[in-house]
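**Q**
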Amino acid sequence: MNNCGDCRECCVLLNIHELNKAAREPCQHLCETGCTIYETRPKTCSDFECSWLISDWAGSLRPDLSGIMVAGFSDYLGLFEIREGCLTSDEAKTIIKIALGTFKHIRYWGFDGTEGTIRAT
Ligand code: SF4
Ligand code: SF4
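Residue numbering for the sequence shown follows this note's numbering, beginning at 26 and increasing consecutively.
(1) Name the DSSP bridge partner or partners of residue 94?
(2) Is there contact between the stretch 80-93 and the stretch 63-72, where contact requires at least three CB pairs shorter than 8 Å?
(3) To the nearest angstrom, how far is the alpha carbon of residue 39 from that of residue 106?
(4) Answer yes or no: the CB of residue 29 versus the heavy atoms of ligand 1, is any distance below 7 Å?
(5) Check whether the Cβ of residue 38 lies closer than 7 Å to any heavy atom of ligand 2, and answer yes or no.
(6) In the structure shown, what three-state DSSP assignment does residue 52 receive?
(7) Got a sec: does ligand 3 put a non-hydrogen atom nearer than 7 Å to the Cβ of residue 87?
(8) Could you name the residues of the same chain whose beta carbon sits closer than 6 Å to that of residue 101, not counting the 5 residues immediately before and after it, in chain order?
(9) Since residue 116 contacts residue 136 with CB under 8 Å, what's their CB separation in whole angstroms?
(10) Identify whether residue 75 lies in helix, strand or coil by the three-state DSSP scheme.
(11) DSSP three-state label for residue 121, please.
(12) Which residue or residues does DSSP assign as beta-bridge partners of residue 82?
Quick look at the structure:
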């Protein structure tokens, strides 16, 4: 199990329906030191754990450092490109290789709005 540390990426990437917060928009409650309503944050927030957080993946693969966030949702694994170009980085290749060891395919959303599926070859 890792530790979020200075990462705040899910507070930008996720759609938080309780707050009417759209995906890829910084949350109104996000500040430099974290969440200003941490104790009363919505369930969507308190329930969320990205794949890096619940793994022993290397620190360099933390979402804010790698530019890639991976998370398991109800019936699929989702991969989000946080910064343009990160989807083709060595870190992304490492994450994809690890993920495809468990999942047959990954749904991805690129920084530029593209989306698709990555399958094991
Ligand atoms: S993206 Fe993952 S590591 Fe970053 S703050 Fe969210 S849960 Fe923590
Ligand atoms: S309410 Fe807090 S934990 Fe939830 S997205 Fe906003 S800043 Fe992040």
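Yeah, the Cβ is synthetic: ideal placement off N, Cα and C, and Gly gets one too.
Given the structure is predicted, the values throughout are model-derived calculations rather than measurements.
**A** In terms of the structure at hand:
(1) By 1-based counting over the sequence shown, the position of residue 94 is 69. DSSP output for residue 94 lists 105 as bridge partner(s).
(2) Three or more Cβ pairs closer than 8 Å define a contact, and the stretch 80-93 falls short of that threshold against the stretch 63-72.
(3) Translated into the one-based positions of the sequence shown, residue 39 becomes position 14. Translated into the one-based positions of the sequence shown, residue 106 becomes position 81. Rounded to the nearest angstrom, the two C-alpha atoms are 12 Å apart.
(4) Here residue 29 refers to the residue found at position 4 of the sequence shown. Yes, the Cβ of residue 29 comes within 7 Å of a heavy atom of ligand 1.
(5) Taking the first residue of the sequence shown as position 1, residue 38 is located at position 13. No - ligand 2 has no heavy atom lying nearer than 7 Å to the Cβ of residue 38.
(6) Mapped onto the sequence shown, residue 52 falls at position 27. In this structure, residue 52 counts as coil in the three-state DSSP scheme.
(7) By its list of ligands, the structure shown excludes ligand 3, since it contains just ligand 1 and ligand 2.
(8) Sequence index remark: in the sequence shown, residue 101 carries index 76 (1-based). 132, listed in sequence order.
(9) Walking along the sequence shown from the start, residue 116 turns up at place 91. Walking along the sequence shown from the start, residue 136 turns up at place 111. Wrong, their Cβ atoms sit about 15 Å apart, outside the cutoff.
(10) Taking the sequence shown and counting its residues from 1, the one referred to as residue 75 is at position 50. The answer is coil: DSSP assigns residue 75 none of H, G, I, E or B.
(11) Looking up residue 121 in the sequence shown gives position 96. In the three-state DSSP reduction, residue 121 falls in the helix class (H, G or I).
(12) Stepping through the sequence shown from its first residue, residue 82 is reached at position 57. Looking at the DSSP assignment, residue 82 forms no beta bridge with any residue, so it has no partner.
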